[in-house]
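S.K.: I have a structure here, written as structure tokens, and I will follow up with some questions on it.
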Amino acid sequence: MSSMSIPEPQRRSIPWILWMIWKNRNMILYSDTQESLSHQLQQAIEEARLWHEVNTNSSDTDIDQGLLGAKKKWEPPLAGSVKCSVHSNWRNAVLHSGVAYIVRDYQGNVLHHSRDAITSSPNRLTAELRCLIWTLRSMKDLGYQNLVVGSDSKEAIEAVRTPKDWPRYRSDLTEITHLLTLFRSVTFETESMVSNQIAREIARSVLRDGRFNSYLALGGPPWLHQRILREATAFCS
Numbered sequence: 001m002s003s004m005s006i007p008e009p010q011r012r013s014i015p016w017i018l019w020m021i022w023k024n025r026n027m028i029l030y031s032d033t034q035e036s037l038s039h040q041l042q043q044a045i046e047e048a049r050l051w052h053e054v055n056t057n058s059s060d061t062d063i064d065q066g067l068l069g070a071k072k073k074w075e076p077p078l079a080g081s082v083k084c085s086v087h088s089n090w091r092n093a094v095l096h097s098g099v100a101y102i103v104r105d106y107q108g109n110v111l112h113h114s115r116d117a118i119t120s121s122p123n124r125l126t127a128e129l130r131c132l133i134w135t136l137r138s139m140k141d142l143g144y145q146n147l148v149v150g151s152d153s154k155e156a157i158e159a160v161r162t163p164k165d166w167p168r169y170r171s172d173l174t175e176i177t178h179l180l181t182l183f184r185s186v187t188f189e190t191e192s193m194v195s196n197q198i199a200r201e202i203a204r205s206v207l208r209d210g211r212f213n214s215y216l217a218l219g220g221p222p223w224l225h226q227r228i229l230r231e232a233t234a235f236c237s
């Protein structure tokens, strides 16, 4: 880590890379699953960057948009709307997928969060679309009308926006299109892995910790309290 021949962002990421290797080892031993190497590396780099920004009090002059317009940090909805961050933790075509959402208001306060396990999906996009169906049904049951849906699945958002271009997923997209008519307004936003980290962590805990019982709760999960608080205060600073 002291070698100046290695770029600083890479040196800062080394502890997170080691941590990802350890977590992947536990997943292989206890869940018979594992993340791809490229996914682990990307997540380690983004976690290290986020930690560095928070702990060095960096200014907001950095670029807030990632690749393809994905937001690098969580941003709140406008007053009068809520933002629902969603994620489906798909591993392969055999295992269940963990799904989760977390709903926050314009001040970053958590209103609800939920997680569940859905049956196996043939690919990641199918799992993401099924997660959206599950989420939209829940949002309707909870009485939300003005909704911003944030997802780090660019493909899922593109499919929802132009369903005719995705005929293979016609059944799920038709159901999503119908559900959207039940709300006053629904806007979709593309998130980065970092800006959607809370939903990702909740969804990941389903398979990682064997939590296959669904639940709905007020507020956010206690084990993510500090991260949620950090995101809520970041956009006010």
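In terms of UniProt numbering, the sequence shown has 2 at position 2, counting the first letter as 1, and numbering is strictly consecutive. All residues carry an ideal CB built from backbone N, CA and C; glycine is no exception.
Using beta-carbon positions only, say whether residue 194 and residue 47 come within less than 9 Å of one another.
M.R.: On the sequence shown, residue 194 is found 194 positions in, with the first residue counted as 1. On the sequence shown, residue 47 is found 47 positions in, with the first residue counted as 1. Yes, Cβ-Cβ distance for residue 194 and residue 47 is below 9 Å.
S.K.: Do you know offhand how far residue 130's Cα is from residue 172's?
M.R.: Locating residue 130 in the sequence shown gives position 130, where the first residue counts as 1. Locating residue 172 in the sequence shown gives position 172, where the first residue counts as 1. Straight-line Cα distance between these residues: approximately 7 Å.
S.K.: Should residue 150 and residue 188 be called a contact, given that it needs their Cβ atoms to be closer than 9 Å?
M.R.: Start at 1 with the first residue of the sequence shown, and residue 150 comes out as number 150. Start at 1 with the first residue of the sequence shown, and residue 188 comes out as number 188. Yes, these two residues count as a Cβ contact at 9 Å.
S.K.: Are residue 96 and residue 119 touching if we call contact CB-CB under 9 Å?
M.R.: Working through the sequence shown from its first residue, we reach residue 96 at position 96. Working through the sequence shown from its first residue, we reach residue 119 at position 119. It is a contact, given that the beta carbons lie within the stated cut-off.
S.K.: Sort 186, 124, 121 and 146 by Cα distance to residue 161 and report the nearest one.
M.R.: Taking the first residue of the sequence shown as position 1, residue 161 is located at position 161. Looking at the Cα atoms, 186 is the closest of the given residues.
S.K.: DSSP state of residue 105, grouped into three classes?
M.R.: Walking along the sequence shown from the start, residue 105 turns up at place 105. Residue 105 falls in the coil class under three-state DSSP.
S.K.: Using a 10 Å radius around the Cβ and a threshold of 16 neighbouring Cβ atoms, would you call residue 153 buried or exposed?
M.R.: Taking the sequence shown and counting its residues from 1, one reaches residue 153 at position 153. That one is buried.
S.K.: Tell me, which residues are paired with residue 118 by DSSP?
M.R.: Counted from its first residue, the sequence shown places residue 118 at position 118. According to DSSP, residue 118 bridges with 97.
S.K.: With 16 other CB atoms within 10 Å as the buried threshold, where does residue 108 fall?
M.R.: To locate residue 108, count along the sequence shown from 1; it is residue 108. Buried, because 16 or more other Cβ atoms sit within 10 Å of the Cβ of residue 108.
S.K.: So, is residue 191 buried or exposed, given that buried needs 16 or more other C-beta atoms within 10 angstroms?
M.R.: Translated into the one-based positions of the sequence shown, residue 191 becomes position 191. Result: buried.
S.K.: Within this structure, are the beta carbons of residue 176 and residue 147 separated by less than 9 Å?
M.R.: Here residue 176 refers to the residue found at position 176 of the sequence shown. Here residue 147 refers to the residue found at position 147 of the sequence shown. In this structure, residue 147 does not lie closer than 9 Å to residue 176 by Cβ.
S.K.: Since residue 114 and residue 216 should fall inside the 8 Å C-beta cutoff, what is the C-beta to C-beta distance between them, to a whole number of angstroms?
M.R.: Position 114 of the sequence shown, counted from the start, is the residue given in the question as residue 114. Position 216 of the sequence shown, counted from the start, is the residue given in the question as residue 216. Sure, about 4 Å apart at Cβ, within 8 Å.
S.K.: What did DSSP end up calling residue 181 once you bin it into helix, strand or coil?
M.R.: To locate residue 181, count along the sequence shown from 1; it is residue 181. Here residue 181 sits in coil by DSSP.
S.K.: What does the Cβ neighbour count give for residue 94, buried or exposed, with the cut at 16 atoms within 10 Å?
M.R.: On the sequence shown, residue 94 is found 94 positions in, with the first residue counted as 1. That one is exposed.
S.K.: Taking residue 156 as the reference, give the member of 202, 132 and 20 with the closest Cα.
M.R.: Position 156 of the sequence shown holds residue 156. The candidate whose alpha carbon is nearest that of residue 156 is 132.
S.K.: Give me, in chain order, the residues of the same chain whose beta-carbon lies closer than 6 Å to that of residue 203; leave out the 5 immediate sequence neighbours on both sides.
M.R.: Here residue 203 refers to the residue found at position 203 of the sequence shown. For residue 203, where only same-chain residues beyond five positions count, the Cβ hits under 6 Å are 87, 89, 98, 99 and 100.
S.K.: Residue 216 lies in the beta strand (DSSP E); which residues open and close that run?
M.R.: The residue you call residue 216 lines up with position 216 of the sequence shown. Counting along the chain, the beta strand (DSSP E) containing residue 216 begins and ends at 215 to 218.
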